[in-house]
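Enquirer: Residue numbers (this note's numbering), protein chains in the order written: chain A, 1 to 290; chain B, 291 to 714.
The beta carbon of each residue, even a glycine, is placed where N, CA and C say it ideally should be.
A single structure is presented below for examination.
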Amino acid sequence: MDSLVKAPDASPEKWDRIISARRSWFDLNLADVWRYRDLIYLLFRRDFVSTYKQTILGPLWFILQPLLTTIAFALVFGQIAKMGTSGVPPFIFYMPGIVMWGLFSSCLMRCSGVFTANAQIFSKVYFPRLTVPIASVFSILATFALQFLMFLVFLLFFYLRGNDIRPSTAVLTFPLLVLQLCLMGVGFGCIISSLTTRYRDLQMALSFGMQLWMYGSCIFYSRSQIDEKYRWLLDLNPVAPIIETFRNSFLGTGSVNYTELAILTAVSCIIFSVGVAIFNQVEKNFADTI
Amino acid sequence: MSELIRIENVSKRYRLGAINRGMLVKDIQSWWARKRGKEDPHSIIGEHRKRVDKDGEFWALRNVDLSINAGDTLAVIGRNGAGKSTLLKILSRTTTPTSGQIKTRGRISSLLEVGTGFHPELTGRENVFLNGAILGMSRREVRAKFDQIVEFAEIGEFIDTPVKRYSSGMYVRLAFAVAAHLDPEVLVVDEVLAVGDANFQKKCLGKLNDVNKEGRTVIFVSHNMAMLTTLCRFAVVLDAGQVIYPKGGIAPGVDCYLGKISETARKSLSERSDRSGEGDVRIRELSILNEDMDADKRVYLSGQKVEFHIRFRSHVQRRYENLSFAIGVYHGHSVFVGLLCNELSCDLLSFDGGEGVVVCSMDKLPLTKGMYVLNVIVRENGVIQDWIQEAKVFEVENGDYFGTGRAVPESHGGVLFEQRWELR
C-alpha cells in the first residue's frame, strides 16, 4: 500500500507540471533550480576536484597560472617595452588586472560552452540547465578567491617593501566589482552559447576574440595613458572600467568614479538578463538542433 | 486510479533544415540554394523523406493522446522512426512539443541512457552522488540508498576507485544501480536492458519486476516483445508519428504491431517506396523456398533445407562488378540473429545488367519457433544500391533439426547449432 501513500494529490485538475510549447522569455523555473541545489553543489565539486586530479602540483595550478602570466607580462611590458605603471612596480600593477580578467573570461568561456560541452548529457536527461552555469560560476569564484588571496599577499609584500601603494576606502567596492564581472561574463557567455550551439566555427573565433578583448581591457595600462582621441574606444568596453577601478582602489593609481560604477552595475544587470533569457530559449529546443 | 500523466494532442515537428548543420557556411549554402529554387544540398535524404511535407517539415509526432494512471506498466511499441523516442524525450523534458500539452504529477525519471554524467576522474562514490543528483535525487536520498546501490552493483571495495579504472561491466552496473534506485512516480525505460552480461540483465529485470509489484508506474520502450509481454500490462502502438493502437492490453498491442510489420512486408518489394540506396540495381522480390520448392509458404520448419531467392533488375545498363548481397535476419523485430552475405561466405558477384536472381541456400534452417523479419541490401563496391527494411516476414515452427526424431522443445529460443557429442 506504499504506492497509495506515495501517490501525489489526486484531485482531478491539479497537476504538478504542464509541459507545453509556450514558454515566456523569463520563465526560469527557479523553483526547480532550487530543488536541484544538491546538483549544483556536486557539479561545483566535480569541476573543482577533477581539474587537479592526477596532477603533480594539484590545487597549486589555480595560483600558478596567473602568477606566471603576471611574471611574463611584467618582463615583456615592464622590462622590455618599459610601459608606464603609475609609479608602482609592473608586477603588482599587472596582477590585479590579470586576476580580474581571468574571472571574467572564465565565466564567459564556460557559459558559452555549456551546451556544446554537455550536449550528450543534456539530450538524455532533464534537469534545470541553469544549474550548470551556476555551478561553473561557483567553481570559478572559488578559483578566483585563491588568486585574490595570492594578490593580497603580494600587495602586502610590496607595501612592506615601501613601494608607493595606497589602498583607498574604495576597496570596499570590490565585491560589487566581482559581481559585475560575473554578471557580464555569464551574460555574454550565454548570448554566445546560443550561437555556438548552431555554429561551431564561432567557438574558434571566440578564443581569438577573447585575446583581443583582453588587450582592450586596461590590464597593462590605465585609461589615462591612452590618447584622448582613442579613449571613446575604451569606453565601449564595459570590462575595462571595472578592472581599472579594482586596480585603482587597491593600488591608489587613480581615482574611482562612482557614477560610472552605478552605470556599469545597470549595464551588467541588463547584459546578464538578456543572456539568461537567451539561454532559456536555447535550452528549450537545444536537443533538436544539436 | 489517479492519473499521473495526461498527453493531450501532442505534436512534434522538426524542421529538417534545422538539424545537423552546425556551420554558418552550410546555413548560407542552404539559404542560397532555396533562394534560387534549387534543392537544399544539406537536406536529409532517406527513409524519413516520405513524411516530409513541402516546407521541409517533418512531423515526428502528430496529435498523440495518451493517459497514464498510477500503477500502469505501459509498453510503447513501434518501428524505428515511429516516434517512440520523441515521445519519451518530450516526457522526460529533454525537448518540448510543438503543440499540445502534457500534464504530469510527481517525478518522472528516465533511464534513456545509464551513466549520463559519470566523470571518469571521480571515484565510484562521488559519481553515485553526482549521477543521483543529475537524475533528481537529493544527497540525503542517495545517502540513504547508498549501501543498497553498491550492493546491487556488486562493486564492493572498488567504490572509492576512480571510475576510469573500472571495467566496462562495473561501470554499467554502477550506473544502472543508481538509476534503478531512484524512486520516481513514473519510470521511463528505453532499451537499457541491452547492457551488461546476462546475469546482470536478469537481475535488472528482477529489479524492474519488483518496481512493478510495488505499484510503480513504468513506461517501457523496447523491441523485445517477449520482455514487454512479461513486464507490461498495457501497450500503445505508434506508427509514423501517430497512435495506431490506443492504450490497451499488451497482447493485442503486440499483435497489432506485428500485424503492421507483416502488412508492410506483404507489399511487393518492387512497389515499396521506403527504400534507400543509389537505385541502379533494384531488388524486385525476396522469396524463401523450402524443400518442395514451394514459394512463400510463410511458415518453415527448423532443420528444413531452404533457399533465399533475391530477384533483382538493373535500371542502368552497364556492367556491375563486386556486387554484394546481404540478408539480415531479425527475431521479432529488432533482435539481430545473423547475416547471410556472399561477401563474407564466398565471393563478390558480377553481372551484366538486366535481370537476375541470386540464391543463398542453407541445408538446415537453424532458427527456432518464432517470427522473423528480413532486411535485404545490395551493394556495389561497398556503395549501397538498394536497401529495404522489413522486406519479408516469416514464421518458423520447431522441427526435427538434428534428425533424431525429437523436435526442439517449445520453450527454447535462440538458434540451433550443428553439434556432435561423444564420450572420450
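#1: So, with DSSP's three-state summary, where would you put S123 (chain A)?
#2: Which residues in chain A have a C-beta closer than 8 Å to the C-beta of L528 (chain B)? List them in chain order.
#3: Any idea what DSSP makes of A372 (chain B), helix, strand or coil?
#4: Taking 7 Å as the CB-CB limit, is R303 (chain B) close to chain A?
#5: Tell me where the beta strand (DSSP E) around P133 (chain A) begins and ends.
#6: Select from A:A145, A:V276 and A:L234 the residue whose C-alpha is nearest the C-alpha of L30 (chain A).
#7: Please check the pair N499 (chain B) and V468 (chain B), which I expect to be a contact at CB under 8 Å, by giving their CB distance rounded to whole angstroms.
#8: How big is the Cα-Cα spacing for S268 (chain A) and L103 (chain A)?
#9: Using 8 Å as the cut-off, can you tell me whether the stretch 111-119 of chain A makes contact with the stretch 176-194 of chain A, which would need three or more C-beta pairs spanning the two stretches below that distance?
#10: At a Cβ threshold of 7 Å, is A266 (chain A) touching chain B?
#11: Starting from E411 (chain B) and walking both ways along the alpha helix (DSSP H), at which residues does that stretch end?
#12: Based on Cα-Cα distance, which residue from B:K595, B:A681, B:R669 and B:R696 lies nearest to P656 (chain B)?
#13: Please name the residue in B:Y662, B:C546 and B:S592 whose C-alpha comes closest to that of A365 (chain B).
#14: Who are the near neighbours of N671 (chain B) in its chain, counting only those whose CB is closer than 6 Å to its CB and skipping five residues on each side?
#15: Quick one: is S428 (chain B) near chain A, going by C-beta distance under 7 Å?
#16: Given that a residue counts as buried once 16 or more other Cβ atoms are within 10 Å of its Cβ, and exposed if not, what is C218 (chain A)?
#17: Using 8 Å for Cβ pairs, my map puts I573 (chain B) next to I678 (chain B). What's the rounded Cβ distance?
#18: Given that E347 (chain B) touches chain A, what residues does it touch there, using C-beta distances under 8 Å?
#19: Compute the Euclidean distance between the alpha carbons of R609 (chain B) and Y535 (chain B), then round it to the nearest angstrom.
#20: Between the alpha carbons of T388 (chain B) and E447 (chain B), how many angstroms are there, rounded?
#21: Identify the contact partners of F208 (chain A) in chain B, using a Cβ-Cβ distance below 9 Å as the criterion.
#22: Can you tell me the Cα-Cα spacing of R200 (chain A) and F138 (chain A), whole angstroms?
#23: Where are the beta strand (DSSP E) runs, 3 residues long or more, that stay fully inside the stretch 609-670 of chain B, in chain order?
#24: Taking only runs that begin and end inside the stretch 552-584 of chain B, name each unbroken beta strand (DSSP E) of 3 or more residues, in chain order.
#25: Give me, in chain order, the residues of the same chain whose beta-carbon lies closer than 7 Å to that of S604 (chain B); leave out the 5 immediate sequence neighbours on both sides.
#26: Looking at chain B, which residues of the stretch 122-144 of chain A have a Cβ within less than 8 Å of any of its Cβ atoms?
#27: Are the Cβ atoms of T386 (chain B) and V125 (chain A) separated by less than 7 Å?
#28: Can you tell me the Cα-Cα spacing of S382 (chain B) and S123 (chain A), whole angstroms?
#29: Take the Cβ of A423 (chain B) as the centre, count every other Cβ of all protein chains shown within 10 Å, and call the residue buried at 16 or more, exposed below.
#30: Would you list, in sequence order, the uninterrupted alpha helix (DSSP H) runs of no fewer than 4 residues that lie entirely inside the stretch 193-225 of chain A?
#31: State buried or exposed for V244 (chain B), treating a residue as buried only when at least 16 other CB atoms are found within 10 Å of its CB.
#32: If the cut is a Cβ gap below 9 Å, which residues of chain A does S357 (chain B) touch?
#33: Residues of chain B with CB under 7 Å from L42 (chain A), in chain order?
#34: Sorted by chain position, which residues of the same chain lie with C-beta nearer than 8 Å to L264 (chain A)'s C-beta, five sequence neighbours on each side aside?
#35: Helix, strand or coil for Q594 (chain B) per DSSP?
#36: Within 8 Å, do at least three Cβ pairs link the stretch 85-98 of chain A to the stretch 51-63 of chain A?
Expert: Checking against the coordinates, here is how it stands:
#1: Sequence index remark: in the first sequence, residue 123 (chain A) carries index 123 (1-based). S123 (chain A): coil per DSSP, three-state reduction.
#2: Taking the first residue of the second sequence as 1, we reach residue 528 (chain B) at position 238. Neighbours of L528 (chain B) on chain A: none; closest Cβ ~18 Å, over 8 Å.
#3: For the purposes of this step, residue 372 (chain B) is taken as residue 82 along the second sequence, with counting starting at 1. In this structure, A372 (chain B) counts as coil in the three-state DSSP scheme.
#4: On the second sequence, residue 303 (chain B) is found 13 positions in, with the first residue counted as 1. Taking Cβ atoms only, chain A never reaches closer than 7 Å to R303 (chain B), which makes this a no.
#5: For this step, residue 133 (chain A) is matched to residue 133 along the first sequence. It is not in any beta strand (DSSP E) - P133 (chain A) instead sits in the alpha helix (DSSP H) that spans T131 to L160.
#6: Here residue 30 (chain A) refers to the residue found at position 30 when the first sequence is read from its first residue. Measuring from the Cα of L30 (chain A), the nearest candidate turns out to be A:V276.
#7: Counting from one through the second sequence, the residue named residue 499 (chain B) turns up at place 209. Counting from one through the second sequence, the residue named residue 468 (chain B) turns up at place 178. Contact doesn't hold; Cβ gap of about 19 Å is too wide.
#8: For the purposes of this step, residue 268 (chain A) is identified with residue 268 of the first sequence, where counting begins at 1. For the purposes of this step, residue 103 (chain A) is identified with residue 103 of the first sequence, where counting begins at 1. Each residue's Cα considered, the two are about 15 Å apart.
#9: yes
#10: Taking the first residue of the first sequence as 1, we reach residue 266 (chain A) at position 266. With respect to chain B, the C-beta atom of A266 (chain A) has no partner C-beta closer than 7 Å.
#11: Walking along the second sequence from the start, residue 411 (chain B) turns up at place 121. Where E411 (chain B) is concerned, there is no enclosing alpha helix (DSSP H), given that its DSSP letter is neither H nor E.
#12: Indexing the second sequence from 1 puts residue 656 (chain B) at position 366. When only C-alpha atoms are compared, the closest one is B:K595.
#13: Position 75 of the second sequence, counting from 1, holds the residue named residue 365 (chain B). Comparing Cα positions, the closest option is B:C546.
#14: For the purposes of this step, residue 671 (chain B) is taken as the residue at position 381 of the second sequence. The beta carbon of N671 (chain B) lies closer than 6 Å to those of N612 in the same chain, with the five residues before and after it left out.
#15: Within the second sequence, numbered from 1, the residue matching residue 428 (chain B) stands at position 138. Yes, S428 (chain B) counts as interfacial toward chain A.
#16: If you number the first sequence from 1, residue 218 (chain A) lands on position 218. With 16 or more Cβ atoms within 10 Å of its Cβ, C218 (chain A) is classed as buried.
#17: Here the question's residue 573 (chain B) lines up with position 283 in the second sequence. Here the question's residue 678 (chain B) lines up with position 388 in the second sequence. That pair is a contact at about 6 Å.
#18: Counted from its first residue, the second sequence places residue 347 (chain B) at position 57. Here the premise fails: no neighbours, minimum Cβ distance about 12 Å.
#19: In the second sequence, the residue the question calls residue 609 (chain B) occupies position 319. In the second sequence, the residue the question calls residue 535 (chain B) occupies position 245. Cα to Cα, the separation comes out at about 47 Å.
#20: Along the second sequence, one-based indexing puts residue 388 (chain B) at 98. Along the second sequence, one-based indexing puts residue 447 (chain B) at 157. So the alpha carbons of these two residues sit roughly 48 Å apart.
#21: Counting from one through the first sequence, the residue named residue 208 (chain A) turns up at place 208. Result: empty, since nearest Cβ-Cβ is about 16 Å, beyond 9 Å.
#22: The residue labelled residue 200 (chain A) in the question sits at position 200 within the first sequence. The residue labelled residue 138 (chain A) in the question sits at position 138 within the first sequence. Roughly 26 Å between the two C-alpha positions.
#23: Counting whole runs of 3 or more residues, the stretch 609-670 of chain B contains the beta strand (DSSP E) stretches 610-621, 625-631, 639-641, 645-652 and 660-670.
#24: 571-579
#25: Residue numbering aside, residue 604 (chain B) sits at position 314 when the second sequence is read from its first letter. If we look at S604 (chain B) and ignore the five residues flanking it on each side, its Cβ neighbours are D570, V571, Y610, G643 and G644.
#26: F122, S123, K124, V125, Y126 and F127
#27: Your numbering for residue 386 (chain B) matches position 96 in the second sequence. Your numbering for residue 125 (chain A) matches position 125 in the first sequence. Their beta carbons are not under 7 Å apart, which means T386 (chain B) does not touch V125 (chain A) by this criterion.
#28: Taking the second sequence and counting its residues from 1, one reaches residue 382 (chain B) at position 92. Taking the first sequence and counting its residues from 1, one reaches residue 123 (chain A) at position 123. If I take the Cα positions, the gap works out to 10 Å.
#29: Position 133 of the second sequence holds residue 423 (chain B). That one is buried.
#30: 201-215
#31: In the structure as shown, chain B begins at 291 and stops at 714. Residue 244 (chain B) is therefore absent and cannot be evaluated.
#32: Taking the second sequence and counting its residues from 1, the one referred to as residue 357 (chain B) is at position 67. Simply none; closest approach about 12 Å.
#33: On the first sequence, residue 42 (chain A) is found 42 positions in, with the first residue counted as 1. Near L42 (chain A) (Cβ distances below 7 Å), the residues of chain B are F419, L420 and A423.
#34: Stepping through the first sequence from its first residue, residue 264 (chain A) is reached at position 264. Cβ within range, chain order: Q180, P238, P241 and I242.
#35: Your numbering for residue 594 (chain B) matches position 304 in the second sequence. Q594 (chain B): coil per DSSP, three-state reduction.
#36: Because the criterion of three Cβ pairs below 8 Å is not met, the stretch 51-63 of chain A and the stretch 85-98 of chain A do not touch.
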